[in-house]
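For the sequence shown, position 34 matches number 83 in our numbering, and the numbering has no gaps at all. Some notes on the structure that comes next.
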Amino acid sequence: MPEFEKVIELVDYYDGPREGLANFQGKPHTFKSRMLDVYGADDAIDLFDLAPVGLDGPTVVARAEFRRVGSGPQPPGEWPVHAVRWALVSADGA
């Protein structure tokens, strides 16, 4: 099972991280949630588009398991620090 990797920056947070910059396979990638409105048995699906930073590489689609790093209250206006474990869904951006 892949290890958790560093979330470098969060740009959007709505019921969890939605967009930002995180490592994927040890290299920085932008990530953005597809925010699927799915109801029924698969309502927990949350897919993210991952694109390598500064490289012409393929966008991949992955599921993410985020976890909070550390504990205690956050200062006002700051998001908690997170780590992420990616599960690749496809490598063609479909």
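In this text, a Cβ means the ideal position worked out from N, Cα and C, and glycines have one as well. Treat the numbers as computed from the prediction; the structure is a model and nothing was measured.
- A buried status is given to A71, since no fewer than 16 other beta-carbon atoms sit within 10 Å of its beta-carbon.
- Rounded to the nearest angstrom, the gap between the Cα atoms of E68 and G121 is 23 Å.
- By the criterion of at least three beta-carbon pairs nearer than 8 Å, the region 121–130 is not in contact with the region 105–112.
- Between the C-alpha atoms of D64 and S82 there is a straight-line separation of about 12 Å.
- The three-state reading of DSSP puts F53 in coil, since its state is none of H, G, I, E or B.
- A direct Cα-Cα distance of roughly 13 Å separates F80 from A136.
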